[in-house]
Amino acid sequence: MPELPEVETVRRGLLPVMEGQVIARAQVNRPDLRWPFPPGMADRLTGARVNTLRRRSKYILADLSTGETLLIHLGMSGRMLISGTQVGGFHHDHPAPAKHDHVVLDMDGGARVTFNDARRFGAMDLLPTAGAEAHPLLSVLGPEPLGNDFHEHYLASRLKGRATPVKSALLDQHLVAGLGNIYVCEVLFRAGIHPARFARDISPAEAARLVPLIREVLAEAIEAGGSSLKDYRQADGELGYFQHSFRVYDREGQPCTTPGCTAHLHRIVQSGRSSFFCPVCQK
DNA sequence: AATGGGTCCTGTAAGC
DNA sequence: TGCTTACAGGACCCAT
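Take the first sequence: its position 142, counted from the start at 1, is 142 in our numbering, and no numbers get skipped.
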């Protein structure tokens, strides 16, 4: 589920109940998610203060008072649930333990943060805060799409010569970190670029057009997520899910929303992932 | 180095 | 209703 905007929304939702607070109790209900949890993770978390809660790509990073950083990835189905506190004006009692509640953190401020992940593609790890960026999962990541290192010249140079569809290139976390299947589809629609075009055939002008559209799509989604944090839809305490308004994603067969366009949206499969696009607007 | 396919896992929805 | 199949917002690993 979660791409960069959803992860950022989860981070912002966790901020008020985690940052500056001590993990009074950590409960780890299974030995692993995608990979084994680090040895003694529950003990290493217990008593630690969360100094800062930050994000890199789709990873949430909690810098702890112990000198370690907790790395969290939500995978495809990872969810964070807050209970036992006021969230957006709603009080949440602790719910009964649910299937796939893998990690439970009780903060000394009274909030409980529950990590639930049915498919277990998610991950957690503990790494030294100093030099955290050297972690194997982080060191290979491309620039943040909303950061200064991501610009038109960079994108053009990285697309150059690549014999892969532009759709796949933008999904490559080594090229730019944080885009997922949904937002790549949305970006290419706004750019009027067909997802099957080879990356090497994207002109510098088109690359220059893509950069602000990538920023725009992500920023709009983060904005929508921020609004949802105070929304009634968050009354269940679950973070990161909000009402999206996708123009092409999961809209196969529906009419194109471009004014004057009478085409219907198509779906193709690229590298095992669905791509949605307008066959008329995207060339 | 770059590229494409397979794979991990469970839940849900569609098809018969 | 039940069974089967396809597919799901991620990303690593491996062969080529």
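Idealized CB from N, CA, C, for every residue including glycine.
It should be emphasised that the depicted structure is a prediction, and the values quoted were computed from it without experimental measurement.
Close Cβ partners of residue 188 (< 6 Å) along its chain, the five nearest in sequence each way excluded = 195
Going by other Cβ atoms of all chains shown within 10 Å of its Cβ, with 16 needed for buried, is residue 207 buried or exposed?
-> buried
In the DSSP assignment, what are the bridge partners of residue 116?
-> 79, 101
Secondary structure of residue 69, DSSP reduced to three states | strand
CB contact flag (residue 122, residue 34, <8 Å) = yes
So residue 248 is in the beta strand (DSSP E); what residue range does that whole segment cover?
-> Segment: none, residue 248 is in no beta strand (DSSP E) and carries neither H nor E.
Quick one: is the Cβ of residue 4 within less than 7 Å of any heavy atom of the ligand NAD?
-> The model on display carries no ligand, and the ligand NAD is accordingly not part of it.
Would you mind stating whether residue 3 and residue 183 have Cβ atoms separated by less than 8 Å?
-> yes
Assign residue 209 to one of three DSSP states: helix, strand, or coil.
-> helix
Report back the beta-carbon spacing between residue 185 and residue 275 to the nearest angstrom; my notes put them in contact at under 8 Å.
-> 6 Å
Continuous beta strand (DSSP E) stretch holding residue 274: start and end | 273 to 277
Go ahead and pull the three-state DSSP assignment for residue 201.
-> helix
Could you check how far apart the C-beta atoms of residue 105 and residue 45 are, in whole angstroms? I think they sit under 8 Å.
-> 7 Å
Is DSSP giving residue 189 helix, strand or coil here?
-> helix
Mapping DSSP to helix, strand and coil, what is residue 135?
-> coil
For residue 258, collect the residues of the same chain with a Cβ closer than 6 Å to its Cβ; drop the 5 residues on either side in sequence, then sort them by chain order.
-> 281
Among the residues of its own chain, which have a CB less than 6 Å from the CB of residue 22, if the five just before and after it don't count?
-> 49, 108
Got a sec? Which residues, its chain only, sit under 8 Å from residue 251 by beta carbon, not counting five neighbours each side?
-> 265, 276
Of all the options 90, 114, 91, which has the alpha carbon lying nearest to the alpha carbon of residue 99?
-> 114
Please determine, among 69, 57, 246, 112, the residue with the shortest C-alpha to C-alpha distance to residue 75.
-> 57
Evaluate residue 225 with the Cβ neighbour count: other Cβ atoms within 10 Å of its Cβ, from every protein chain shown; 16 or more gives buried, anything less gives exposed.
-> buried
On the three-state DSSP scale, how would you describe residue 181?
-> helix
Which residues bound the beta strand (DSSP E) around residue 52?
-> 50 to 56
Counting along the chain, where does the alpha helix (DSSP H) carrying residue 156 start and finish?
-> 152 to 159
Kindly identify the DSSP beta-bridge partner or partners of residue 174.
-> BP columns for residue 174 are empty, so no partner.
Which same chain residues, not among the five before or five after residue 118, have their C-beta less than 6 Å away from its C-beta?
-> 77, 100
Please list, in chain order, all residues of the same chain as residue 213 whose beta carbon is under 8 Å from its beta carbon, the five residues on each side excluded.
-> 187, 190, 191
Residue 278 burial status per 10 Å Cβ neighbour count (16 or more: buried) | buried
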